[in-house]
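Novice: The structure under discussion is supplied below as C-alpha cells; questions concerning it will follow.
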Amino acid sequence: MYSRKKKPIINFLFLLLFLGSLAGYSQVSTVKPDSTLAKAIEAIPIIKIIPNIEETYAGIKLIEKKIEPKKGMILIDSLFPKQAALLQEKEQLAEEFIKANPNRQKVDNLIYKWSGYRDYFKGWSETINENLGRNIILYETIVRNQKKWELTYENAITKEVPVQLISSIEDVLDDLDSLHKTITQQNNNYLSLESSINDQITIIDLVTKELIALKNSEVYDLFNLRHPPIWKASFATTKTTAVKAGVESLGENLSNIWELIITGENQIYIYILFIILITIGFLYLKKSFIKYGYKEDNKDLLNARAMVVEQPIWSIIYLSLFVAFLFFKNTPILFDDIIILFVLVCAIPIVQPFIYQKFRNVPYFIVLVFILDTLKTYLWFSSPQYRIYLLIEALTVAGILLHFTYPYIKTRKLPLNKFGYLLVTLTPVIYFLILVSILSNILGYSNLADISLILGTQSSVLTLIFYALLMVADGIGIGFINDHFNNKASFDKTKKITLELKTLQVIRVLAFGFWFFYFLKMVDLFQPLSDMVTDTITEPFQVGSITFTFGAILSFIGILATAFLITSFVSFLLDGNEVKFNFIKLPKGIPAAVSLVIRYFILAFGFVLALSVLGIDLSKFNLMAGALGLGIGFGLQTIVSNFISGIILVFERPILPGDRVEVNNLMGTVNKIGVRSSQITTFDGAEVVVPNNNLISNDLINWTHTDNIKRIEIMVGTSYDSDPNTVLKVLTEIANENGQVLKTPPPKAYFNEFGESALIFRLLFWVYFDNGLSCKSDISVAIYDRFSELGIEIPFPQRVLHIPQTSQKNSFEIVSTPNPAPVVTNQDPAKDRNTKADTDEPPKEDEDSPSKEGRDKSSNW
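All residue numbers for the sequence shown refer to the working numbering, where the first residue is 227 and numbers rise by one.
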C-alpha cells in the first residue's frame, strides 16, 4: 500500500529534475554567440541574380511601408512645440502658485497634474523608442543587403555578365542607398525629438520636486497654527496669477479630454472590446442562473445571485465605469472626477436593495458630499473663504449624520447585517472627526481641519464605491462557480457551497485591501509607508557567505504562491468528471491532460523565476540533476516507471476520472489520475492509492470507457413439466416491462441446457452501469412473481435415499431424481426388486424405518 504523504515529496523530486534540465538549458541559451561564427555575406550566384532582384524590390517596398510615420508619430511631432510652450507657461504659473500660500488640496491637485504631464511626455518618449528600435532593425537589414549586392556587382563585372544585368544591379544599389539615407534621416529626427522630450521631462521633475518639498514643509504640518482664529481673519480677496495654476480650468480640461480621445484611439478600442466582453459575460451568467436555478439558504449567496439576475444593466455600467477609471492613464482631473461621479450614481441602485430601509437615501447624500468636496478643485478661495467653505461642508455632513442616526442608541438596536452594524458602530468616529474639523478650523489649524474633513467624507465615498464593487464581484464569482458545477453531469452540492462561501470571503478580503490602499493614498500615508517598507525589505543581510534581503524572500514566496493559485484555478476549470466548453468541443479526458501540462509548466516556470529573484545561479542545479539521474538509475526505477505510466495514462486516456474500473481484485470508481499514482474509491467506500504502473502493466477492465452500459445475465431453471416456449416469452416480456432496461440492444432469452433437476434458461439485457444491481434484483423478483402466477415451478436439487436391507446395516445409496419431493425407502431387498425407486406412492414404514424427522434430516444431508 502506498502512502499519500510520499506523493508531494516524489513530485518535488521530479520537479527538481525538470528544473535541473531547465537550468542546463538556461545556461546554454544565455551564452552570447560568437560573431565570427555568423554566416558571412557572399555574392549572389549569377544564375540567381534575377530572382533575387525581384525579391529585393519586394523587401524594399515592405520596408518603405514600415518606415512610413504612423499617426501617433505625426501627432507627437505636431503637438510637441505647442505642448513645450504651454509647459513653459505652466512652469512660471507654478512658481507663482508656490509663493501664494495655497491650501494642501490645491498642492495635491497640482502635483497630480504635473505627474500627468510627466506620464504624457514619457508616453511620447516610449512611442519614439519603439519606432526607433524598429528602424534600427530595418537599417541593419538594408546594410546587409547593400553589402551583398555590392559583392554581387563586383562579381558580375569580373565575370563580364550582360550590360542589362549590371544596369539592374546598379538600380537595386541606388534604391537601397536611397532607402538607407531615408532611414538614417528619420532616425536622426526621432533621436532629436526624443532628446527634446527628455528635456521637458527634466523640467517636469524639477517642478514636481519643488511642489513635494512645499507639501512636506512645516507650513502643512497638522498642528501648525497656519491662520489666525476665524473671527480675526480678513475676507478681502487678493487676485494673483497663482489662481491660474491652482484652479482647474474647465476649458483646458475639456481640451485635454479631446486630446486624450484623439491620441488614445487604440486604448478606446480595447476599452470598448472590454465592455462588450463584460456585457456578454453578465448576460451569460444571468442565463445560467435562470436555466439551472439557484436555491440556497445563505443570504449572501442569494444577494450575489440577485446582482446578476435582477441588476445586470446597472452592474455592467458600474463595472465599465470603474474599469475606465483604472484603465485610462494621464487623464485630466475633470475626466477622473466625472468618472467617479458616474460610478457613485451607478452604485446607488446596486447597493440600495441591500441597505436597511432607514438608510436607503444615504447614498444620495454621499454623492452630494462628493460634489461639495470636488468643487474646491475648480474654485479659488482666499484663506478665510476656504475656511468658511470647509465649515459649511463640515456642518452639512454633521447634519446628514444627525438626520440618519439620531437617536444613536436606538439606531444601534436596529436589525442590521454585519456590515451595516459596523458602519453604525463607527459613526461616533465620524462625529469626532467632524467636530475636530470644525473646532480646528475656527481656531486656525487649517491643515488639521482639512485632513479631518477628508477622513470623514472621502472615506464614505470610498466605502460606497467599494461596497458596490464587492456586490458586483460577488455576483460574478458565484455565477461563475454555479455555471461551472451545473455544466457537469453530477457534482457534490456540499463542495459547491463550500467553494462559494470561500470565494465570498476572498472577494471581501480583496475589496477591503483595495479600499485600504486608496484610503492611504487619500490621506497621503501610502507613499511614506511604501518608502518605509521598501527601505526595510531592501536592507541586505549576510549569513555566512549568503547575502539576502527580506524583499527577495517575500518575492520568492509571492511568486510561488501565485503559481500555485494559478494552477489551482486551471485545475478548477479543466479537471473534473465532465467538462463542457460551449465554443470548443474537446474529447473526454483532453481537458485533464491539458490541465496537467499547463499546471506543471506553470509550477516549473514559477519555481525557476522565484529562484532567479533570490539571485541563485540556476546552473548549480546541473549537479543536482546529475545526482538525481544517478539515483533514478539505481534506486528509483519503480517510481520512474510509475511516473512514465502516469504520463501514458493522461495522454492515452485508457481510464478517466469517473470511470468504473476493475484491476486485479479491485473494483471501484477512478477519482484522480496523478503523475505517480491514481486514486480509486471502491464500492465499499475505501479509497485506494494504486501505482500507475499497476494500471498499465496489469489487465484493466474499464466498464465505462466508451459507454456507460452493461449487460446483465440472469440464469433461471424451471421444472421439466414447463413449456420452454412459454418460459422464453415470459422472460422477454418481464425484461421489456422494466423501465431501466435499455431498448437497444433489446433483451433476449435463451434456452441454455437440460439440467439435472431443471430446464435452464438465460435472460440477457442491457442497463446503465449504475442501475445494474438494482435492475437485476427487480427483474429477478418479477420473474418469481410471474412464474408463481402462471404456475411455472422453479425446482431445486433433489435426492432419493435408498437404504438396502443387507447384513451391513449402515450401507446405503443415493439416487438422483427430478421428482419435486424426495422419497426415502427402507424395504426388503426381495420386495424392493418389484418396486420402482421413483414410485409415486411411498412405501409403508415399519418399526426399523427412520422417523419423519429423521427422513427430513437425511434428505437435507
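Each residue gets a CB set at the ideal place from its N, CA and C atoms; glycine is no exception.
Just so you know, these numbers come straight off a predicted model, no measurement behind them.
How about LYS898 and PRO917: do their beta carbons lie closer than 8 Å?
Specialist: Walking along the sequence shown from the start, residue 898 turns up at place 672. Walking along the sequence shown from the start, residue 917 turns up at place 691. In this structure, PRO917 does not lie closer than 8 Å to LYS898 by Cβ.
Novice: Is it buried or exposed, LEU989, if we count other Cβ atoms within 10 angstroms and call 16 or more buried?
Specialist: Numbered from its first residue, the sequence shown carries residue 989 at position 763. That one is buried.
Novice: Would you mind listing the alpha helix (DSSP H) stretches within the segment 327-370 that are 4+ residues and don't spill past its ends, in chain order?
Specialist: The segment 327-370 contains no whole alpha helix (DSSP H) run of 4 or more residues.
Novice: Which residues share a DSSP beta bridge with GLY943?
Specialist: Taking the sequence shown and counting its residues from 1, one reaches residue 943 at position 717. Paired residue(s): ILE986.
Novice: In whole angstroms, what separates the C-alpha of ASN556 from that of LYS339?
Specialist: Here the question's residue 556 lines up with position 330 in the sequence shown. Here the question's residue 339 lines up with position 113 in the sequence shown. Taking the straight line joining both Cα atoms gives about 9 Å.
Novice: For TYR582, which of helix, strand or coil comes out of DSSP?
Specialist: The residue you call residue 582 lines up with position 356 of the sequence shown. Residue state, collapsed to three classes: coil.
Novice: State the Cα-Cα distance for the pair ASP523 and VAL623, rounded to the nearest angstrom.
Specialist: The residue you call residue 523 lines up with position 297 of the sequence shown. The residue you call residue 623 lines up with position 397 of the sequence shown. Going by the C-alpha atoms only, they are around 38 Å apart.
Novice: Could you check which residue in ASP400, ASN997 and HIS710 has the C-alpha nearest to that of LYS722?
Specialist: One-based indexing of the sequence shown puts residue 722 at position 496. Answer by Cα proximity: HIS710.
Novice: Taking the alpha-carbon positions, what's the GLY349 to GLU356 distance?
Specialist: Residue 349 sits at position 123 when you count from the first residue of the sequence shown. Residue 356 sits at position 130 when you count from the first residue of the sequence shown. If I take the Cα positions, the gap works out to 11 Å.
Novice: Nearest-angstrom Cα distance between ARG638 and LEU652?
Specialist: Counting from 1 along the sequence shown, the entry for residue 638 is found at position 412. Counting from 1 along the sequence shown, the entry for residue 652 is found at position 426. Roughly 11 Å separates the two Cα atoms.
Novice: Tell me whether GLN753 is buried or exposed, calling it buried when 16 or more other Cβ atoms sit within 10 Å of its Cβ.
Specialist: Within the sequence shown, residue 753 is the residue found at index 527, counting from 1. Under this definition GLN753 is an exposed residue.
Novice: Go through its chain and collect everything with a Cβ distance to GLU317's Cβ below 8 Å, but skip five positions before and after it.
Specialist: Position 91 of the sequence shown holds residue 317. Answer for GLU317: ILE429 and VAL433, listed in chain order.
Novice: Report the rounded CA-to-CA distance for ILE279 versus PHE833, giving the unit in angstroms.
Specialist: What you label residue 279 is simply residue 53 of the sequence shown in a count that begins at 1. What you label residue 833 is simply residue 607 of the sequence shown in a count that begins at 1. The alpha-carbon atoms of ILE279 and PHE833 are separated by roughly 51 Å.
Novice: Compute the Euclidean distance between the alpha carbons of SER821 and SER797, then round it to the nearest angstrom.
Specialist: Here residue 821 corresponds to residue number 595 of the sequence shown, with the count starting at 1. Here residue 797 corresponds to residue number 571 of the sequence shown, with the count starting at 1. Rounded to the nearest angstrom, the two C-alpha atoms are 6 Å apart.
Novice: Assuming GLU294 contacts LEU405 under a Cβ cut-off of 8 Å, what Cβ separation, rounded to an integer in Å, is found between them?
Specialist: Indexing the sequence shown from 1 puts residue 294 at position 68. Indexing the sequence shown from 1 puts residue 405 at position 179. About 12 Å separates the CB atoms of GLU294 and LEU405; that is not less than 8 Å, and the two are not in contact.
Novice: Using three-state DSSP, classify SER422 as helix, strand or coil.
Specialist: Residue mapping note: residue 422 aligns to position 196 of the sequence shown, counting from 1. DSSP places SER422 in helix when its eight states are reduced to three.
Novice: Among the residues of its own chain, which have a CB less than 8 Å from the CB of THR410, if the five just before and after it don't count?
Specialist: Translated into the one-based positions of the sequence shown, residue 410 becomes position 184. Once the five neighbours on either side are set aside, the close Cβ partners of THR410 are TYR365.
Novice: With a 10 Å radius around its C-beta and 16 neighbouring C-beta atoms as the bar for buried, classify PHE782 as buried or exposed.
Specialist: The sequence position of residue 782 within the sequence shown is 556, counting from 1. The residue is buried, with at least 16 neighbouring Cβ atoms inside 10 Å.
Novice: Give the straight-line distance between the Cα atoms of ILE363 and PHE548, rounded to the nearest whole angstrom.
Specialist: In the sequence shown, counting from the first residue as 1, residue 363 sits at position 137. In the sequence shown, counting from the first residue as 1, residue 548 sits at position 322. The straight-line gap from Cα to Cα measures roughly 40 Å.
Novice: Quick check on ASP757: buried or exposed, where buried means 16 or more other Cβ atoms within 10 Å of its Cβ?
Specialist: Translated into the one-based positions of the sequence shown, residue 757 becomes position 531. ASP757 is exposed by the Cβ-count criterion.
Novice: Looking at the unbroken alpha helix (DSSP H) that takes in GLU317, where does it start and where does it end?
Specialist: Position 91 of the sequence shown, counted from the start, is the residue given in the question as residue 317. 297-325 is the extent of the alpha helix (DSSP H) around GLU317.
Novice: Does the Cβ of VAL942 have 16 or more other Cβ atoms within 10 Å, making it buried, or fewer, making it exposed?
Specialist: On the sequence shown, position 716 is the one that residue 942 refers to. With a threshold of 16 other beta carbon atoms within 10 Å, VAL942 meets it and is buried.
Novice: Out of ASN919, LEU319 and ASN414, which has the shortest C-alpha to C-alpha gap to LEU437?
Specialist: Residue numbering aside, residue 437 sits at position 211 when the sequence shown is read from its first letter. Of the candidates ASN919, LEU319 and ASN414, the one whose C-alpha sits nearest the C-alpha of LEU437 is LEU319.
Novice: Among ALA694, ALA961 and THR729, which has the Cα closest to the Cα of MET533?
Specialist: As a first step, residue 533 is located in the sequence shown; it is residue number 307 there, counting from the start. Looking at the Cα atoms, ALA694 is the closest of the given residues.
Novice: DSSP on PHE809, reduced to helix/strand/coil?
Specialist: The sequence position of residue 809 within the sequence shown is 583, counting from 1. Any answer about PHE809 is weak, because its pLDDT of 46 lies below 50 and its placement is not dependable; what the coordinates show is given next. Three-state DSSP puts PHE809 in coil, outside helix and strand.
Novice: Would you decide whether PRO973 is buried or exposed? Buried here means 16 or more other CB atoms lie within 10 Å of its CB.
Specialist: The residue labelled residue 973 in the question sits at position 747 within the sequence shown. The residue is buried, with at least 16 neighbouring Cβ atoms inside 10 Å.
Novice: Please state whether the Cβ-Cβ distance between THR720 and ASP599 is less than 8 Å.
Specialist: Start at 1 with the first residue of the sequence shown, and residue 720 comes out as number 494. Start at 1 with the first residue of the sequence shown, and residue 599 comes out as number 373. No, they are not a contact pair.
Novice: Just to confirm the assignment, what range does the alpha helix (DSSP H) spanning ILE906 have?
Specialist: Numbered from 1 along the sequence shown, position 680 holds the residue referred to as residue 906. Here ILE906 belongs to no alpha helix (DSSP H); instead the beta strand (DSSP E) covers 903-908.
Novice: Relative to the alpha-carbon of VAL373, which residue among ILE354, ILE383, LEU402 and GLN390 has its alpha-carbon at the smallest distance?
Specialist: Counted from its first residue, the sequence shown places residue 373 at position 147. Looking at the sequence itself, residue 373 is Lys, so the reference to Val does not match. Cα-wise, what sits closest to LYS373 is LEU402.
Novice: According to the Cβ coordinates, are LEU921 and VAL889 closer than 8 Å?
Specialist: Residue numbering aside, residue 921 sits at position 695 when the sequence shown is read from its first letter. Residue numbering aside, residue 889 sits at position 663 when the sequence shown is read from its first letter. Yes, they are a contact pair.
Novice: Leaving out five residues on either side along the sequence, give the residues of the same chain with a beta carbon under 7 Å from the beta carbon of PHE1013.
Specialist: Counted from its first residue, the sequence shown places residue 1013 at position 787. Excluding residues up to 5 positions away in sequence, ILE1020 lie with their Cβ nearer than 7 Å to the Cβ of PHE1013 in the same chain.
Novice: Taking the continuous beta strand (DSSP E) assigned at ARG924, which residues delimit it?
Specialist: Taking the sequence shown and counting its residues from 1, the one referred to as residue 924 is at position 698. One point to set straight first is that residue 924 is Asn, not Arg, in the sequence displayed. Per DSSP, ASN924 belongs to no beta strand (DSSP E) and is neither H nor E.
Novice: What does the alpha-carbon distance come out to for the pair ILE870 and LEU799?
Specialist: Position 644 of the sequence shown, counted from the first residue, corresponds to residue 870. Position 573 of the sequence shown, counted from the first residue, corresponds to residue 799. Taking the straight line joining both Cα atoms gives about 25 Å.
Novice: By Cβ distance, which residues of its chain are closer than 7 Å to TYR612, with the 5 residues on each side in sequence left out?
Specialist: Walking along the sequence shown from the start, residue 612 turns up at place 386. Once the five neighbours on either side are set aside, the close Cβ partners of TYR612 are ASN329.
Novice: With 16 other CB atoms within 10 Å as the buried threshold, where does PHE347 fall?
Specialist: Here residue 347 corresponds to residue number 121 of the sequence shown, with the count starting at 1. It counts as buried.
Novice: How long is the line joining the alpha carbons of GLY705 and LYS714, rounded to whole angstroms?
Specialist: Indexing the sequence shown from 1 puts residue 705 at position 479. Indexing the sequence shown from 1 puts residue 714 at position 488. Rounded to whole angstroms, GLY705 to LYS714 spans 15 Å at the Cα level.
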